[in-house]
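Below: one structure, written as structure tokens.
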Amino acid sequence: MIQKLIEIKELKGKTKLISGLHIGAGNDEIHIGGIDNPVIKNPLNDEPYIPGSSLKGKIRTLLEWYLGTFGINNKGEGTPHFVKEGDGDEITLIFGNGSAEQNYHGGPTRVSFNDCPLSKESLKKMIEKNALTEEKIEVSINRLSGTASKSGPRNIERVPAGAEFDFSLSYLVFNDIDKQNFKYLILGLKLLELTALGGSGSRGYGKIKFEFENNVSIENFTTKLESDDNGSNVYILKDLKDIEQEIKK
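With the first letter of the sequence shown counted as 1, position 65 gets the number 1266 in the working numbering; the numbers rise by one all the way through.
Next comes the structure, spelled out in structure tokens:
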């Protein structure tokens, strides 16, 4: 049963790229000599960004794997976890339960991920070097000959390692269950750090790290870094086992 909204938690900080990031924009046209797989960009300024939907979808998936709650359809495909009735569970309360379940009483989705633009500092450096994105050429190897396959090279666009994006999310708290479930959201962020965001994660793409501003609500899950040039405190997520122990309390 939904109660009165008692708090809105906010997390703000940076998403740092440890390796090149590819979140595809979709490209139905083929241009000779052009990029085969472009990254998503803001159409008004042509700058790459990280969609909030990409963060939410990947973190939800990782937590479903961790909790063993993902669904399987009649084709044997993995599907998002939903509940048909009741007050919901960790996944549906945090990320939502869809609109088709009329007997679900868990209330609104608790977390909202904002799109992440390039930070001002990172954007300035990248423009100076004319390096908002990079082009990575990949080839498939013929397993018999050990040479490049006849399909030819593919041109993959990536945001280069070292880029920083402004990260922020908000989280609605209605009751003590929501306070407890916030720990699972932090766990999801750590799981994302340990895996990858975007495409081709198994080939080294999409390794990221979160750094947060001084925020009391995540003190139990963070380790303090040295102050930056502006004198503000910055925090990084603790090891996975530390976050898991905090959830079990």
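Built from N, CA and C at the ideal position, the CB exists for glycine as well.
Computed from a prediction, not measured in an experiment: that's the story for all the values here.
The C-alpha of residue 1307 lies about 15 Å from the C-alpha of residue 1372. Judged by their CB atoms, residue 1410 and residue 1217 are nearer to each other than the 8 Å cut-off. In this structure, residue 1390 keeps its C-beta atom at 8 Å or more from the C-beta atom of residue 1448.
Per DSSP, the continuous alpha helix (DSSP H) segment holding residue 1261 begins and ends at 1253 to 1268. At a cut-off of 3 residues, not a single continuous stretch assigned as beta strand (DSSP E) sits fully inside the stretch 1370 to 1411.
Nearest to residue 1401 by alpha-carbon distance, out of 1314, 1339, 1378 and 1289, is 1339. The three-state secondary structure of residue 1323, taken from DSSP, is helix.
In this structure, the alpha-carbon of residue 1269 lies about 28 Å from that of residue 1222. Considering only 1376, 1304, 1207 and 1220, the residue with the shortest C-alpha distance to residue 1405 is 1220. Looking only at 1313, 1318, 1364 and 1266, the smallest Cα-Cα distance to residue 1257 is reached by 1313.
Cβ neighbours of residue 1386 within its own chain (closer than 7 Å, five residues either side excluded): 1295, 1312 and 1372. In this structure residue 1264 is not in contact with residue 1224, their Cβ atoms being roughly 20 Å apart against a cut-off of 8 Å. Classified as exposed, residue 1426 has fewer than 16 neighbouring CB atoms from the shown chains inside 10 Å of its CB. Secondary structure at residue 1442: helix, using DSSP grouped into helix, strand and coil. Assignment of residue 1310 by DSSP, reduced to helix, strand and coil, places it in the coil class. Annotated three-state conformation of residue 1280 is strand, per DSSP. Cα atoms of residue 1420 and residue 1383: separation of roughly 12 Å, rounded to the nearest angstrom.
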